[in-house]
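To start, the structure itself, in structure tokens.
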Amino acid sequence: MKRFTFWPQAFLGLTFNWGALLGWAAIKGSLDPSVIVPLYTAGICWTLVYDTIYAHQDKEDDLKVGVKSTALRFGDSTKQWISAFGTASIGSFALSGYSAELAWPYYPLLTAAAAQLAWQITTVDLSDRMDCNRKFVSNKWFGALVFWGIVFGRLAS
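The opening position of the sequence shown corresponds to residue 5 in our numbering, with each subsequent residue numbered one higher.
Below, the structure is given as structure tokens:
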């Protein structure tokens with residue numbers, strides 16, 4: 005994809021998060037659009053955040069070899085773009101949780117995840133490969149907070 009479009013991170017999001025749709029259908033036996041559409045959207049937007057940060061590690065090399073990425077597309081506006089995608093991700097996770105009737109533990113943990121994502125976006129130095137890598141790796145904490153929010157939100161409902 006990197007040879008054809010500046011949006012390979014979007015294609016990664018579309019394919020990687022397909023598992024949310026399959027997982028829901030496997031467990032529930034059907035697809036509930038009020039839950040899965042925002043859940044899928046949340047995952048895609050989150051992927052755009054973390055993989056754009058990751059792509060900033062390689063932007064100089066990408067320019068040399070002629071491949072594309074959202075890091076190159078967004079350039080100096082990257083933080084605004086990933087802030088918007090981060091906001092859309094959190095909002096979509098909240099809507100999905102509401103539609104799935106998750107109980108109160110989901111929302112404080114989602115708020116903590118939002119704070120972790122905001123920390124990444126506001127503190128990342130996009131010109132520092134090591135910092136981009138640290139922020140990319142820190143997404144394990146974002147994912148863990150969302151996961152435990154879903155688990156405890158379901159157990160309490």
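Heads up, the beta-carbon is just placed ideally off N, CA and C, and yes, glycines get one too. In this text the structure is predicted, and so the values were computed from the model without any measurement.
Three or more C-beta pairs below 8 Å linking the segment 97-116 and the segment 59-73: Contact between the segment 97-116 and the segment 59-73 is absent, because fewer than three Cβ pairs lie under 8 Å.
Counted within 10 angstroms of its Cβ, other Cβ atoms place Phe151 as buried (16 or more) or exposed: Exposed, because fewer than 16 other Cβ atoms sit within 10 Å of the Cβ of Phe151.
Ser73 (DSSP reduced to helix, strand or coil): In this structure, Ser73 counts as coil in the three-state DSSP scheme.
Neighbourhood of Ile86 by C-beta distance below 6 Å, restricted to the same chain and skipping five residues each side: The residues are Val53, Thr56, Ile125.
Proximity of Arg133 and Val71 at Cβ, strictly below 8 Å: No.
Minimum C-alpha distance to Ala116 - residue among Trp145, Ala29, Leu18: With distances taken between Cα atoms, Ala116 lies closest to Trp145.
Cβ contact (3+ pairs, closer than 8 Å) linking the segment 77-96 and the segment 34-45: These segments touch.
Status (buried if at least 16 other CB within 10 Å, exposed otherwise) for Ser73: Result: buried.
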